[in-house]
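Engineer: The structure's right below; bear with me while I get my questions together.
In UniProt numbering, the protein residues as written are 1 to 176.
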């Protein structure tokens with residue numbers, strides 16, 4: 001499926017990830033650029049999926065924090081040059097940020113894929129409403145570049161849009 005993701009134009013493949021770390025409904029999306037001219041290490045954009053609790057029930061997002069621990073801030077990620085020197089390396093379950101809502105809930109957002117952190121979206125720190133208003137474009141969370149040799153397989157463990165819709169349908173049926 002083509003998708004114009006993260007406001008960057010081009011052809012994007014939408015790959016939902018359901019129940020990350022076994023947490024029900026904490027779903028994310030990986031938008032993978034599929035334009036061959038970009039190169040085989042196509043960039044991926046991490047966003048909230050439509051069913052994520054932060055996008056439901058009129059929640060208000062109060063803050064976005066890229067400070068993962070005392071020694072790790074995703075804001076300190078400094079990338080330079082064509083080889084993306086200095087980029088933080090992420091595993092699939094590496095936390096990207098923590099998002100708090102007005103009801104006191106806090107959600108940790110994970111990378112979902114292995115690769116180098118190219119950028120975080122600093123705009124959502126000062127304007128967290130972007131996460132809800134434009135989750136797959138201006139409200140993206142981060143941009144990750146998979147390892148060259150893993151770029152083709154990066155989406156293999158992820159869902160297709162059709163599989164994700166089946167997950168959502170099962171959830172709906174089990175809750176009613």
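Note that beta-carbon positions come from the ideal geometry of N, C-alpha and C, so glycine has one too.
1) How far does the alpha helix (DSSP H) with residue 174 in it extend, from its first residue to its last?
2) Rounded to whole angstroms, what is the Cα-Cα separation between residue 117 and residue 42?
3) Is it buried or exposed for residue 19, if we count other Cβ within 10 angstroms and need 16 for buried?
4) Going straight from the alpha carbon of residue 84 to that of residue 145, what length do you get?
5) Identify, in the order they occur along the chain, each residue of the same chain with its Cβ nearer than 7 Å to the Cβ of residue 160, setting aside the five sequence neighbours on each side.
6) In its own chain, which residues sit with a C-beta less than 7 Å from the C-beta of residue 49, not counting the 5 before and 5 after it?
7) Please tell me whether residue 94 and residue 111 are closer than 7 Å, where the distance is taken between their beta carbons.
8) Return no unless some Cβ of chain D is closer than 7 Å to the Cβ of residue 98.
9) Residues bridged to residue 20 by DSSP?
10) Apart from the five residues on each side of it in sequence, which residues of its chain come closer than 8 Å, Cβ to Cβ, to residue 90?
11) Go ahead and pull the three-state DSSP assignment for residue 76.
12) In the DSSP assignment, what residue or residues form a beta bridge with residue 107?
Structural biologist: Quick look at the numbers:
1) 161 to 175 is the span of the alpha helix (DSSP H), which, as asked, contains residue 174.
2) Their backbone Cα atoms lie some 13 Å apart in a straight line.
3) It is exposed - the Cβ of residue 19 has fewer than 16 other Cβ atoms within 10 Å.
4) Approximately 9 Å between the Cα atoms of the pair.
5) Cβ neighbours of residue 160 beyond the five flanking positions: none.
6) Excluding its 5 nearest sequence neighbours in each direction, residue 49 has C-beta neighbours in its own chain below 7 Å: 16, 27, 28, 29, listed in chain order.
7) In this structure, residue 111 lies closer than 7 Å to residue 94 by Cβ.
8) The displayed structure is made up of one protein chain only, and chain D is not part of it.
9) The beta-bridge partner set that DSSP reports for residue 20 is empty.
10) If the five residues before and after residue 90 are omitted, its C-beta is found closer than 8 Å to the C-beta atoms of 96, 111, 113, 114, 115, 116, 117, 144, all from its own chain and listed in chain order.
11) The answer is helix: DSSP assigns residue 76 an H, G or I state.
12) Bridge partners of residue 107: 99.
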